[in-house]
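Trainee: Sharing a structure below in structure tokens format, with a few things to ask.
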Amino acid sequence: MTVVRKLPTQLILAHAPWVLGGGLIVCIVACAAAGLALVAAGETSGLLTVFLGAGVPLGIFALAIKRDQVIFDAHSGTVTVQRRTLLRYQNAVHPLTNIRRAEVEAFSDTARPILIFDDTAPYPLVEAYVSGNGPRRSADAINDWLRAYRRSG
Numbered sequence: 025m026t027v028v029r030k031l032p033t034q035l036i037l038a039h040a041p042w043v044l045g046g047g048l049i050v051c052i053v054a055c056a057a058a059g060l061a062l063v064a065a066g067e068t069s070g071l072l073t074v075f076l077g078a079g080v081p082l083g084i085f086a087l088a089i090k091r092d093q094v095i096f097d098a099h100s101g102t103v104t105v106q107r108r109t110l111l112r113y114q115n116a117v118h119p120l121t122n123i124r125r126a127e128v129e130a131f132s133d134t135a136r137p138i139l140i141f142d143d144t145a146p147y148p149l150v151e152a153y154v155s156g157n158g159p160r161r162s163a164d165a166i167n168d169w170l171r172a173y174r175r176s177g
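Residue numbering for the sequence shown follows our numbering, beginning at 25 and increasing consecutively.
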């Protein structure tokens with residue numbers, strides 16, 4: 025996740041798989057163009073190229089590409105976790121007072137940031153595990169913001 029906004033009253037982190045999404049869009053456009061060129065040349069196999077070559081990546085894009093956003097808001101006293109695909113939107117709101125801290129949940133060589141609550145199970149901020157320092161940086165940014173929020177309140 026990337027810090028999009030860091031203010032004393034609000035922290036916003038976001039994650040969107042731009043490279044994978046962009047690659048799928050290029051595949052969709054290329055397959056559709058190739059199929060339409062075949063159809064224009066009188067080849068009926070071009071229809072199969074359009075429907076399968078562009079349809080399969082489009083289906084993957086619609087189901088698998090998720091944009092995750094986490095909004096810590098001091099004014100409302102809540103954290104909102106939003107997950108959006110092309111077809112679905114999920115929204116979870118939790119009071120800031122129930123959050124202890126953010127941690128990193130590791131799996132093999134990958135990790136993801138999670139929220140630790142007083143009374144419920146840990147909540148992952150993203151569904152996917154990623155490699156690199158991003159999850160640690162996200163957890164550190166959240167914990168820094170929560171400390172500042174608690175000192176000011």
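Using N, Cα and C, we set each Cβ at its ideal position, and we do this for glycine too.
Taking C-beta to C-beta, are Val-21 and Ile-36 nearer than 8 Å?
Mentor: The shown model of the chain, from 25 to 177, leaves out residue 21, and the question about it has no answer.
Trainee: Who are the Cβ neighbours of Leu-74 in its own chain at under 8 Å, not counting the five residues just before and after it?
Mentor: Note that residue 74 is Val in the sequence shown here, rather than Leu. Result list for Val-74: Cys-55, Ala-56, Gly-59, Leu-60 and Val-63, in chain order.
Trainee: Count the C-beta pairs between the stretch 118–126 and the stretch 165–173 that are closer than 8 Å, then say yes if the count reaches three, no if not.
Mentor: Yes, they touch.
Trainee: Can you tell me where the beta strand (DSSP E) holding Leu-108 begins and where it ends?
Mentor: This sequence places Arg at residue 108; Leu is not what is there. Element bounds for Arg-108: 102–108.
Trainee: Mind pulling the alpha helix (DSSP H) runs of 4 or more residues that sit fully within the stretch 101–176?
Mentor: As far as the stretch 101–176 is concerned, its whole alpha helix (DSSP H) runs of at least 4 residues are 158–176.
Trainee: With a 10 Å radius around its C-beta and 16 neighbouring C-beta atoms as the bar for buried, classify Ala-135 as buried or exposed.
Mentor: It is buried - the Cβ of Ala-135 has at least 16 other Cβ atoms within 10 Å.
Trainee: Which one of Gln-106, Lys-90, Leu-72 and Tyr-147 has the shortest CA to CA distance from Pro-41?
Mentor: The shortest C-alpha separation from Pro-41 is found at Lys-90.
Trainee: Go through its chain and collect everything with a Cβ distance to Arg-108's Cβ below 6 Å, but skip five positions before and after it.
Mentor: Same-chain partners within the cutoff: Arg-91.
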